[in-house]
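Okay, structure first, notes after.
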Amino acid sequence: MPGIKTMIMPIVLLAGGVGIGSGAAYGTTMLLGPAEADGASSAEEKPTTLVEVDDVMAPLVLPDGQRLAGYVSFQIALQVPEDQSEDVTARLPLLRHEINMRTYRKPMASGPDGTLPTLEIFRQIVQEAADVAFEKGTVSAVAIASARPV
15 MPGIKTMIMP IVLLAGGVGI GSGAAYGTTM LLGPAEADGA SSAEEKPTTL
65 VEVDDVMAPL VLPDGQRLAG YVSFQIALQV PEDQSEDVTA RLPLLRHEIN
115 MRTYRKPMAS GPDGTLPTLE IFRQIVQEAA DVAFEKGTVS AVAIASARPV
């Protein structure tokens, strides 16, 4: 008889595990509701386009916040809704002004001699400036194409 117990026990454990797991999944679905389909959320999104901004000059301030290491020229692209791309393009001078007013306050210089910009800080600065220059939420993403010390 010990042979029958060793054969039946894994089958009983497997059936019990399947039953308990299925019950837990059903209960969780009833409690939290069904998951949304990915197709439903993408249908609500507006088509976007990239607006390129060439030669954005920014000062590189050293981490002490007191000294200037140099300047850097960035080429960036802003992801905006297609229907607002002309408005964004027309207001790019205001964006450049807002970027300039923020970059001297935040130290972005890194590297041994301070000539390398910290790209994540600059991306945050551009996003903050875009929220001020355009309506908040107009720019959904900022891409930095190049950064060249000047």
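Just so you know, the sequence shown maps onto residues 15 to 164 in my numbering.
Glycine residues also receive a C-beta, built at the ideal position from the N, C-alpha and C atoms.
Identify which residue in 81, 59 and 89 has its Cα closest to the Cα of residue 66. 89
For residue 48, name the three-state secondary structure that DSSP assigns. coil
Residues near residue 103 in its chain [Cβ-Cβ closer than 7 Å; skip 5 each side]: 65
Contact set for residue 154: own chain, Cβ-Cβ below 6 Å, skip 5 residues either direction: 93
Complete alpha helix (DSSP H) runs within the stretch 105-146 (minimum length 4 residues, chain order): 106-117
I'd like to check one pair, residue 118 with residue 75: are the Cβ atoms closer than 8 Å? yes
Kindly indicate which three-state DSSP category residue 76 falls into: helix, strand or coil? coil
Taking the continuous beta strand (DSSP E) assigned at residue 86, which residues delimit it? 82-95
Which of helix, strand or coil does DSSP assign to residue 6? This structure cannot speak to residue 6, because the chain is shown only from 15 to 164.
Check whether the stretch 105-118 and the stretch 28-47 are in contact - that is, three or more C-beta pairs closer than 8 Å. no
Name the DSSP bridge partner or partners of residue 163? 86
What is the DSSP secondary structure of residue 70, reduced to helix, strand or coil? strand
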